[in-house]
Each structure stands twice: as structure tokens, then as C-alpha cells.
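First comes the structure, then the notes that go with it.
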Amino acid sequence: MIEPILYKDLKILYVEDEESTRDIITRFLSRRFSYITTAIDGIDGLVKFKEGDFDIVITDIKMPGMSGLEMSQEIKRIDKDMPIIITSAHSDLPFLINAIEIGIDNYVLKPIKIEKLNQAIIKSSQQKLLQQKERHSKMFEYLTFITVGMGHDFNNLLTPALGYISLIRSIIKEDSLLIEYLNKSEESLLKCKDLVQRFMQLSFDITTDREEVDICAMLNGINVNYNNKEIKITYYCSENPLILKCDRRRLYYCFKEIVKNAIEAMSNEGEVTIKAEIYKPDEVHDKILKSDNYVKISFIDTGKGMSKKLIDTLFIPYFTTKNLDSDKGKGLSLALVYSIIKSHGGNIEVFSEVGKGTTVIIYLPLKRS
Numbered sequence: 002m003i004e005p006i007l008y009k010d011l012k013i014l015y016v017e018d019e020e021s022t023r024d025i026i027t028r029f030l031s032r033r034f035s036y037i038t039t040a041i042d043g044i045d046g047l048v049k050f051k052e053g054d055f056d057i058v059i060t061d062i063k064m065p066g067m068s069g070l071e072m073s074q075e076i077k078r079i080d081k082d083m084p085i086i087i088t089s090a091h092s093d094l095p096f097l098i099n100a101i102e103i104g105i106d107n108y109v110l111k112p113i114k115i116e117k118l119n120q121a122i123i124k125s126s127q128q129k130l131l132q133q134k135e136r137h138s139k140m141f142e143y144l145t146f147i148t149v150g151m152g153h154d155f156n157n158l159l160t161p162a163l164g165y166i167s168l169i170r171s172i173i174k175e176d177s178l179l180i181e182y183l184n185k186s187e188e189s190l191l192k193c194k195d196l197v198q199r200f201m202q203l204s205f206d207i208t209t210d211r212e213e214v215d216i217c218a219m220l221n222g223i224n225v226n227y228n229n230k231e232i233k234i235t236y237y238c239s240e241n242p243l244i245l246k247c248d249r250r251r252l253y254y255c256f257k258e259i260v261k262n263a264i265e266a267m268s269n270e271g272e273v274t275i276k277a278e279i280y281k282p283d284e285v286h287d288k289i290l291k292s293d294n295y296v297k298i299s300f301i302d303t304g305k306g307m308s309k310k311l312i313d314t315l316f317i318p319y320f321t322t323k324n325l326d327s328d329k330g331k332g333l334s335l336a337l338v339y340s341i342i343k344s345h346g347g348n349i350e351v352f353s354e355v356g357k358g359t360t361v362i363i364y365l366p367l368k369r370s
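Under the numbering used here, the first residue of the sequence shown carries the number 2, and numbering increases by one thereafter.
Written out as C-alpha cells, the structure is:
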């Protein structure tokens with residue numbers, strides 16, 4: 002079975018003081034996972050955890066200096082959601098109760114069977130994905146409640162203000178300096194109205210017109226400003242037709258924003274690779290993706306990348322890494338992208354590492370076509 006990119010690219014910290022065990026398990030793990038960092042004891046493990054960016058921690062229990070449970074307790078204080086798997090010959094009840102109280106997610110008895118460890122890693126990664134999905138869902142449910150109410154109130158205030166400007170314009174001389182002031186006022190109010198509409202779009206319940214769209218043709222038609230950069234964009238599309246019933250305008254907005262962000266993340270030159278293919282949910286995604294067949298659209302750039310901490314904040318409205326004094330967006334674009342993809346029954350994932358570029362993957366259900 003081909004291992005999914007989400008599973009293969011998990012960043013694992015493995016802590017084991019016994020050198021022979023550490024070498025053997027690391028060798029086995031390296032066959033299935035691309036990023037393995039090892040530590041020789043609890044103190045070394047804690048230092049590397051603080052310095053690194055990990056998805057899962059696997060640790061032995063009895064180690065000199067600091068035990069695996071003591072290290073795990075410190076890690077949970079730093080990141081309470083970090084999945085931790087312990088490897089131990091202990092299976093007595095007091096030990097297990099202590100591990101549960103600390104927040105250990107799973108354990109594998111020694112001598113370690115690699116398949117058991119592999120299953121524990123898969124289970125822990127699934128739990129983390131579901132926790133992230135639940136956090137995002139709660140955040141946007143709350144945001145929807147606020148934006149819908151505020152949006153209606155703002156629209157009710159803006160409509161008469163724009164109406165009065167039109168009325169004043171009709172009763173004063175065209176060469177009056179007041180016309181210029183009115184035009185500027187109207188322009189500002191229209192920008193406010195557009196901002197309100199963008200807030201309203203964050204609601205998943207907005208009904209939009211949907212039509213059958215060739216996703217490959219849409220991707221090939223993306224038009225963005227390269228900002229005088231030497232950027233190469235490469236497309237790979239499935240030989241089978243990828244037709245979705247969707248909101249053409251809003252979905253195009255999503256794709257364009259992702260490509261635009263990728264270009265902005267590069268200095269003077271770089272490459273963006275866009276892939277579109279049919280995808281069937283695997284063992285990692287089967288609890289997150291609800292349909293049988295999806296279109297999987299990957300945007301892979303060679304930009305500066307980002308940390309895990311930054312990835313976790315990408316879809317929060319008004320969070321931005323850009324200069325707030327510029328016109329490069331005020332932190333709404335990716336929140337809108339997330340909202341639009343969810344409104345189409347899809348899902349979005351981001352994988353990145355500082356200095357190694359970013360991959361954004363969008364899943365859209367084919368059953369909607």
C-alpha cells in the first residue's frame with residue numbers, strides 16, 4: 002500500500018537510552034517515515050523537543066537523568082496536544098494510571114514489535130487530526146454566529162448612507178468640490194460594504210449558485226501577478242475528467258489566493274507545482290473525509306516555508322504574517338479559503354517546514370458533481 006503523504010511526513014522524536022534498541026527501531030521507522038530525530042535520554046529529548054518541530058514523541062520510560070514520564074510531563078506543559086507514545090516492559094495498573102494522568106496517548110510493550118508501534122503512530126496521528134478539525138469547526142461556528150449578526154447590522158447602516166450620498170450628488174453642481182469629497186466618501190463606504198460581504202462569506206450557510214466546472218481548466222486559467230519574480234508554474238492533471246458542481250467564482254478565488262500566497266513566500270525566483278487527481282480516503286483520512294471519491298488538489302511551492310506554530314494560526318481571521326501597512330491583505334484571505342472549501346464539503350491541509358517550502362492540499366468530494 003502506498004503510504005499517504007500525511008503519514009509518511011510525520012516528524013517523530015524518538016527517545017531511547019539503550020543504543021542498540023535505538024538504532025534498530027530508528028532503522029525500521031526510517032523505512033516508513035521521512036523525519037526521525039533521536040535523543041539518548043529524557044534531558045536530551047526535552048532539549049530537542051524545545052528546539053524542533055514534531056508531530057509525535059515516542060519515548061522509553063527508565064532512563065538516567067530524567068525518566069520518560071518526567072520528560073512527557075514537561076512536554077505536555079509546553080504542548081498539551083502533543084501525542085506521546087511510551088515503550089516499556091511495565092504493564093502494571095499503577096504505572097498505566099500514572100501515564101494516563103500525565104496525558105500519554107498510547108503505549109507499546111517491550112520487546113517492541115514494529116507493526117504494533119506503527120499502528121500506535123497511525124492512531125495517534127488520527128487523534129491529532131480530529132482534534133485539529135474539532136478546534137477549527139468550533140472556531141468557525143462561533144465566528145459564523147458573530148459575523149451573520151454583525152453583517153446584517155452593518156448592511157442596514159451602510160445602505161441609507163450610500164443612498165444619501167447619491168441624493169446629495171443629484172442636487173449640487175457637478176463642478177463643486179463637494180462632488181470630489183462625496184466620491185471619496187462613497188468609495189470608502191463601498192469598501193466597507195465589500196468587507197462586510199467578505200465577513201458574511203465566512204458563514205458556511207450562504208447559498209450560492211453552483212455549476213459543473215472542469216477543475217483542470219480552472220487551475221490552468223489562474224492568473225496572478227508575479228511581482229517581477231522569476232516564477233515557474235507547472236501543472237499536472239488527471240487524465241480522467243475532474244468535474245465538480247461548485248461555485249465557480251468562489252472556488253477560483255481559493256485557488257488564486259493559494260497561488261498568490263505561494264508566490265509571495267518566494268524571494269526572486271521559485272517554482273509552484275499544481276497537481277489535480279482523483280483520491281480515495283486512506284486509513285488516516287477515513288474519519289475526516291466523508292465521501293468515497295475526492296479531487297485532491299496539491300499546491301507545492303519552493304518558498305521559505307513556515308513553522309508548525311504558524312501553520313496552526315493560518316486560518317484564523319485577521320491573522321497575517323504580512324506587513325499590515327501594505328495592501329497585501331489584512332488576514333482574511335485564508336480564513337475565506339477555509340470557509341469556502343468547507344462549504345463545498347471539502348477539507349484543507351497544510352504541510353511545511355522552515356526553509357523547505359509549503360504544500361497546501363485541498364480535498365473536494367466528487368459526489369457533488
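Every residue, glycine too, gets a C-beta built ideally from N, C-alpha and C.
Predicted, not measured: the structure shown is a model, and the values here were computed from it.
CA nearest to the CA of residue i, picked from the options
i, options, result
"Cys255", "Ile341, Lys174, Asp302, Leu183", "Ile341"
"Asp248", "Ile312, Asp61, Glu19, Leu365", "Leu365"
"Phe316", "Lys246, Arg23, Val58, Glu258", "Glu258"
"Lys81", "Ile123, Glu19, Ile103", "Ile103"
"Val355", "Tyr15, Gly304, Val197, Ile105", "Gly304"
"His91", "Lys309, Lys49, Leu70, Asp215", "Leu70"
"Ile85", "Asn157, Glu181, Asn241, Gln128", "Gln128"
"Leu311", "Glu213, Thr359, Glu240", "Thr359"
"Leu220", "Ile363, Val16, Arg32", "Ile363"
"Tyr295", "Asn241, Val260, Met267", "Asn241"
"Tyr56", "Met83, Ser68, Pro95, Leu178", "According to the sequence displayed, residue 56 carries Asp and not Tyr. The option with the nearest alpha carbon to Asp56 is Met83."
Where residue i falls, given that 16 or more other Cβ within 10 Å makes a residue buried
i, result
"Ile79", "exposed"
"Arg251", "buried"
"Asp42", "buried"
"Asp18", "buried"
"Ser126", "buried"
"Met64", "buried"
"Ala162", "exposed"
"Arg28", "exposed"
"Met307", "buried"
"Ser21", "exposed"
"Ser327", "With a pLDDT of 42 at Ser327, under the threshold of 50, the modelled position of that residue is not reliable, and the figure given next carries that caveat. Exposed: under 16 other Cβ atoms inside 10 Å."
Alpha-carbon spacing of residue i relative to residue j, whole angstroms
i, j, result
"Lys51", "Glu75", "10 Å"
"Asp210", "Asn262", "27 Å"
"Asp302", "Val273", "4 Å"
"Lys331", "Val197", "With a pLDDT of only 43 at Lys331, under the threshold of 50, the placement of this residue in the model should not be trusted, and no figure is reported."
"Val48", "Gly66", "13 Å"
"Ser334", "Tyr253", "13 Å"
"Asn348", "Lys281", "13 Å"
"Ser167", "Asn156", "17 Å"
"Arg379", "Pro112", "Lying outside 2 to 370, the shown extent of the chain, residue 379 is not represented and no answer is given."
"Asp176", "His153", "36 Å"
"Asn107", "Asn269", "46 Å"
"His345", "Ile25", "45 Å"
"Thr160", "Leu190", "9 Å"
"Met1", "Ile101", "The displayed coordinates of the chain run from 2 to 370. Any statement about residue 1 would go beyond what the structure contains."
"Lys343", "Asn229", "33 Å"
"Thr38", "Ser186", "58 Å"
"Glu116", "Lys246", "41 Å"
"Thr314", "Gly164", "39 Å"
"Asp195", "Leu158", "14 Å"
"Ile223", "Ala277", "14 Å"
"Lys124", "Arg33", "15 Å"
"Ile172", "Glu188", "19 Å"
"Val16", "Val225", "46 Å"
"Asn184", "Arg170", "9 Å"
"Arg369", "Ala121", "Residue placement at Arg369 is poorly supported in this model, since its pLDDT is 43, which falls under 50; the coordinates are not used for a value here."
"Ala40", "Ser68", "12 Å"
"Ile180", "Asp215", "46 Å"
"Lys77", "Tyr236", "42 Å"
"Met151", "Tyr182", "28 Å"
C-beta atoms of residue i and residue j nearer than 9 Å
i, j, result
"Cys193", "Cys217", "no"
"Asp61", "Ile87", "yes"
"Ile264", "Ile298", "no"
"Asp10", "Phe300", "no"
"Leu118", "Leu30", "yes"
"Leu36", "Ile59", "The sequence as given places Tyr at residue 36; Leu does not occur at that position. No, the Cβ-Cβ distance between Tyr36 and Ile59 is not below 9 Å."
"Asp54", "Lys357", "no"
"Ile98", "Ser73", "no"
"Ile234", "Val260", "yes"
"Glu350", "Val361", "yes"
"Glu231", "Gly271", "yes"
Bridge partners - residue i, DSSP secondary structure assignment
i, result
"Lys12", "Tyr36"
"Ser68", "DSSP, once it has assigned bridges, lists no residue as partnering Ser68."
"Phe352", "Thr360"
"Cys238", "Ala277"
"Phe96", "Phe96 is not bridged to any residue."
"Tyr165", "The partner list for Tyr165 (beta bridge, DSSP) is empty, contrary to what the question assumes."
"Asp56", "DSSP, once it has assigned bridges, lists no residue as partnering Asp56."
"Leu1", "Nothing can be reported for residue 1, as the shown portion of the chain is limited to 2 through 370."
"Pro366", "Tyr295"
"Glu272", "Lys233"
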